[in-house]
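Take 125 as the starting number for the sequence shown in our numbering and just add one per residue. Note that CB positions come from ideal geometry on N, CA and C, so glycine has one too. Below: the structure, in structure tokens.
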Amino acid sequence: MEKFLKRKRRDQSCANPPQKSRFCRKYNPDFIKYGFVNGGDEAEPRAQCVECGLMLSNEALKPSKLKRHLETKHPSLVGKSVEFFKRKENGLQMQKRSVVSLTGNSKCALKASYLVARRVAQTKKAFTIAEELVLPAAVDMCREMIGEAAAKKLLTIPLSNDTVSHRITDMATDIQNQLLEKIKSSPFFSLQLDESTDVTNAALLLVFVRYRWNSSLHEDILFCGELPTRTTAQECFRYMDNYFKENGLDWQNCVGVCSDGAASMTGRHHGVVRQILDRAPEAKWTHCFLHRESKKNVTRVTRGDGCLEADHVQLLYHSEVRWLSRGLVLKRLFELRNEVLSFLTERKSPFAHHYANAQFTAKLAYLCDIFSLLNQLNVSLQGRNSNIFFVADKVEAFKRKLALWIKRTQEKRMDMFPLLSDILENSPQVNISDLVSQHLSQLAEKFDDYFPEDPREGHMWIADPFSVDPTKNDVALPSHLESQLLEVATDSTLKLQWGKQDLGSFWIAVSKEYPCLALRAVKLLLPFTTTYLCESGFSIGHN
125 MEKFLKRKRR
135 DQSCANPPQK
145 SRFCRKYNPD
155 FIKYGFVNGG
165 DEAEPRAQCV
175 ECGLMLSNEA
185 LKPSKLKRHL
195 ETKHPSLVGK
205 SVEFFKRKEN
215 GLQMQKRSVV
225 SLTGNSKCAL
235 KASYLVARRV
245 AQTKKAFTIA
255 EELVLPAAVD
265 MCREMIGEAA
275 AKKLLTIPLS
285 NDTVSHRITD
295 MATDIQNQLL
305 EKIKSSPFFS
315 LQLDESTDVT
325 NAALLLVFVR
335 YRWNSSLHED
345 ILFCGELPTR
355 TTAQECFRYM
365 DNYFKENGLD
375 WQNCVGVCSD
385 GAASMTGRHH
395 GVVRQILDRA
405 PEAKWTHCFL
415 HRESKKNVTR
425 VTRGDGCLEA
435 DHVQLLYHSE
445 VRWLSRGLVL
455 KRLFELRNEV
465 LSFLTERKSP
475 FAHHYANAQF
485 TAKLAYLCDI
495 FSLLNQLNVS
505 LQGRNSNIFF
515 VADKVEAFKR
525 KLALWIKRTQ
535 EKRMDMFPLL
545 SDILENSPQV
555 NISDLVSQHL
565 SQLAEKFDDY
575 FPEDPREGHM
585 WIADPFSVDP
595 TKNDVALPSH
605 LESQLLEVAT
615 DSTLKLQWGK
625 QDLGSFWIAV
635 SKEYPCLALR
645 AVKLLLPFTT
655 TYLCESGFSI
665 GHN
């Protein structure tokens with residue numbers, strides 16, 4: 125906040141360019157006999173009248189001009205002693221100290237106003253809360269804990285509805301300007317974008333940016349804008365393109381775009397991504413890893429009051445926007461299976477016999493287990509500062525787990541599925557191992573379809589430059605960069621830094637000696653791998 129206020133004062137001072145140097149007159153202490161003291165400083169003395177406080181220019185430091193002012197403005201003081209004018213000088217100095225004190229209080233009140241406005245913005249409260257609740261509460265606390273004088277000082281803090289609104293807008297503009305300066309100073313940047321409709325049916329476009337700043341990679345929200353009509357590809361791109369033009373951002377510096385599989389985003393000819401790639405030749409599109417999954421409807425149960433005596437008071441319903449809800453729906457249904465059976469039996473539903481069937485219960489238990497494991501994978505892929513190596517490692521690990529589970533299932537070992545294992549222990553006559561094995565094989569095939577390529581292939585030198593040998597491994601680098609990689613791999617000082625920094629920070633440090641090699645590494649680390657930030661942003665907005 126202190127930096128923000130100083131920057132504002134500096135920007136305002138820049139509006140007044142310095143004057144050219146000129147001859148500077150000196151102040152003579154004898155000028156007190158004309159009723160004038162030095163109201164300036166040593167660099168540029170100025171004459172100030174002790175009676176009226178008028179400040180004359182440096183050029184007026186002449187006995188003739190000072191005497192003329194005394195005779196024309198204060199004729200009754202002509203002939204007064206030097207002691208009289210010195211007493212007037214003491215009074216003038218007291219007035220100056222009072223003004224300085226008031227100015228200091230004003231600056232403190234201004235800063236306090238910004239601090240409160242920031243709190244209001246962070247808590248997403250109505251702006252009127254500052255004047256109607258925060259200030260009166262602060263005054264009451266100060267009066268009781270410190271005293272009436274401190275309480276009165278708080279009343280000087282401007283916190284009206286309009287003031288708080290202006291403060292928040294002021295800070296938001298400053299933050300945006302700082303962000304734009306950082307993005308422009310970065311050689312490249314990547315984008316993460318998504319569109320949604322809020323509870324008021326307003327079409328919103330949310331965009332995050334990842335860029336290089338100082339010695340690391342940073343992620344920030346670039347903007348969230350309301351589209352004038354619908355979330356069509358044309359409207360989304362037009363909004364983004366206008367923002368880039370208005371703020372001086374260059375599409376040529378964009379090296380990555382991450383979005384989900386919505387048609388407006390990924391249309392082959394006119395989608396938002398297609399239009400961005402046409403203007404950013406170095407950009408690569410990343411399909412959000414969290415949205416590469418099959419959508420299945422498993423079971424449907426009519427809601428009723430028959431579940432109210434169970435541990436859960438209601439069933440959960442699957443939501444397309446919240447991908448983790450599938451596993452929770454199945455788990456809740458499994459936990460309420462006895463209550464659901466009673467309810468459906470009471471209503472004479474044709475679905476009731478399923479919940480009395482051990483084979484069906486075992487299948488439901490398996491679905492709970494496998495969706496729980498899929499949810500764990502989804503959660504592990506979420507978070508900030510992710511990159512292709514981190515995500516690819518998680519996906520590859522799950523693929524290998526699927527192969528292991530298929531092998532165990534064929535051996536009729538189900539201990540990796542705890543709910544199913546418990547059901548089978550209590551119902552040994554149930555045998556669904558062939559069905560589970562078949563489903564896991566299909567799931568493995570789907571994963572191969574969703575993740576057909578390994579993004580790490582040819583780029584493992586970025587993840588660990590000290591374990592990859594360009595003479596033996598495929599590093600997908602031109603010859604001159606292969607030579608630089610060999611130098612990096614044998615540099616003991618760089619190896620000491622390895623492991624102490626994240627990948628982005630490490631390669632930015634390497635850029636000081638090997639700029640071309642490091643730039644290629646950073647360009648591959650910049651793209652987002654998921655739309656996690658956008659999903660989180662919309663979740664906060666919907667809540």
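Boundaries of the alpha helix (DSSP H) in which residue i is found, first to last residue
{"i": "His477", "result": "Ala476 to Tyr479"}
{"i": "Trp585", "result": "Met584 to Ala587"}
{"i": "Ala171", "result": "No alpha helix (DSSP H) holds Ala171; the beta strand (DSSP E) holding it covers Ala171 to Cys173."}
{"i": "Ile547", "result": "Pro542 to Asn550"}
{"i": "Gln608", "result": "Ser603 to Ala613"}
{"i": "Cys360", "result": "Ala357 to Asn371"}
{"i": "Ser616", "result": "Ser616 to Gln621"}
{"i": "Phe251", "result": "Here Phe251 belongs to no alpha helix (DSSP H), and DSSP marks it neither H nor E."}
{"i": "Ser473", "result": "Here Ser473 belongs to no alpha helix (DSSP H), and DSSP marks it neither H nor E."}
{"i": "Glu272", "result": "Glu272 to Leu278"}
{"i": "Pro651", "result": "That residue, Pro651, is in no alpha helix (DSSP H); it is neither H nor E in DSSP."}
{"i": "Met295", "result": "Asn285 to Ser309"}
{"i": "Ser565", "result": "Ser557 to Tyr574"}
For residue i, the nearest candidate out of the options (CA to CA)
{"i": "Ile586", "options": "Val323, Lys647, Glu637 and Asp558", "result": "Lys647"}
{"i": "Cys360", "options": "Asn338, Arg336, His394 and Val379", "result": "His394"}
{"i": "Lys189", "options": "Ala476, Gln172 and Met364", "result": "Gln172"}
{"i": "Leu457", "options": "Ala486, Pro474, Arg471 and Glu470", "result": "Ala486"}
{"i": "Tyr158", "options": "Glu213, Phe147 and Arg149", "result": "Glu213"}
{"i": "Glu606", "options": "Glu637, Pro594, His478 and Ser181", "result": "Pro594"}
{"i": "Leu501", "options": "Phe522, Thr252 and Lys531", "result": "Phe522"}
{"i": "Gly372", "options": "Ser181, Leu304 and Lys636", "result": "Leu304"}
{"i": "Met389", "options": "Arg403, Leu329 and Tyr151", "result": "Leu329"}
{"i": "Asn325", "options": "Ser557, Leu465, Thr355 and Leu498", "result": "Thr355"}
{"i": "Phe590", "options": "Val464, Ser635, Ser660 and Trp622", "result": "Trp622"}
{"i": "Ser383", "options": "Asp365, Thr533, Phe484 and Ser320", "result": "Ser320"}
{"i": "Asn301", "options": "Val288, Ala261 and Glu370", "result": "Glu370"}
{"i": "Phe662", "options": "Val323, Lys536 and Gln625", "result": "Val323"}
{"i": "Ala236", "options": "Val288, Asp154, Ala516 and Met179", "result": "Val288"}
{"i": "Ala516", "options": "Glu256, Gln608 and His583", "result": "His583"}
{"i": "Val554", "options": "Glu569, Met538 and Leu618", "result": "Met538"}
{"i": "Cys232", "options": "Glu637, Ala274 and Asp365", "result": "Ala274"}
Sub-8 Å separation of residue i and residue j beta-carbons
{"i": "Cys493", "j": "Phe571", "result": "According to the sequence shown, residue 493 is Asp rather than Cys. Not in contact: Asp493 and Phe571 (Cβ atoms no closer than 8 Å)."}
{"i": "Leu452", "j": "Ala489", "result": "no"}
{"i": "Leu650", "j": "Val379", "result": "yes"}
{"i": "Cys412", "j": "Thr655", "result": "yes"}
{"i": "Leu278", "j": "Leu259", "result": "yes"}
{"i": "Asn377", "j": "Pro282", "result": "no"}
{"i": "Arg149", "j": "Leu194", "result": "no"}
{"i": "Val240", "j": "Ala254", "result": "yes"}
{"i": "Tyr335", "j": "Gly349", "result": "no"}
{"i": "Gly163", "j": "Arg170", "result": "yes"}
{"i": "Thr247", "j": "Asn285", "result": "no"}
{"i": "Arg291", "j": "Tyr367", "result": "no"}
{"i": "Ser551", "j": "Ala482", "result": "yes"}
{"i": "Ala480", "j": "Leu491", "result": "no"}
{"i": "Ala357", "j": "Val381", "result": "no"}
{"i": "Ile345", "j": "Trp375", "result": "no"}
Assumed close pair residue i, residue j - CB separation to whole angstroms, cut-off 8 Å
{"i": "Phe513", "j": "Arg580", "result": "6 Å"}
{"i": "Val333", "j": "Ile307", "result": "6 Å"}
{"i": "Lys683", "j": "Ile156", "result": "The requested residue 683 does not occur in the structure, where the chain is confined to residues 125 to 667."}
{"i": "Ser496", "j": "Lys455", "result": "7 Å"}
{"i": "Val174", "j": "Leu216", "result": "5 Å"}
{"i": "Thr410", "j": "Phe652", "result": "6 Å"}
{"i": "Ser696", "j": "Lys531", "result": "Within the shown structure, residues of the chain are numbered from 125 to 667, placing residue 696 beyond reach of any answer."}
Residue range of the beta strand (DSSP E) that includes residue i
{"i": "Ser635", "result": "Careful: Ser635 lies outside any beta strand (DSSP E) and carries neither H nor E."}
{"i": "Phe332", "result": "Ala327 to Trp337"}
{"i": "Ser320", "result": "Phe313 to Thr321"}
{"i": "His411", "result": "Lys408 to His411"}
{"i": "Leu346", "result": "Ser340 to Glu350"}
{"i": "Phe160", "result": "Phe160 to Asn162"}
{"i": "Cys382", "result": "Cys378 to Ser383"}
Neighbour flag for residue i against chain B, beta carbons, 8 Å
{"i": "Ser510", "result": "In summary, chain B is missing from the structure at hand, where a single protein chain is found."}
Quiz item: Contact between the stretch 639-646 and the stretch 499-518: three or more CB pairs below 8 Å?
Solution: Remark: fewer than three beta-carbon pairs, one from each stretch, lie closer than 8 Å, so the stretch 639-646 and the stretch 499-518 are not flagged as touching.
Quiz item: Touching or not, the stretch 288-303 and the stretch 311-329, by the rule of three or more beta carbon pairs under 8 Å?
Solution: no
Quiz item: Are the stretch 606-616 and the stretch 454-473 touching, with three or more C-beta to C-beta distances below 8 Å?
Solution: Too few Cβ pairs lie closer than 8 Å, so no.
Self-check item: the stretch 549-568 contacting the stretch 516-529, beta-carbon criterion three pairs below 8 Å
Solution: Yes: at least three Cβ pairs fall under 8 Å.
Quiz item: Okay, do the stretch 337-345 and the stretch 623-633 touch, 3+ Cβ pairs below 8 Å being the bar?
Solution: yes
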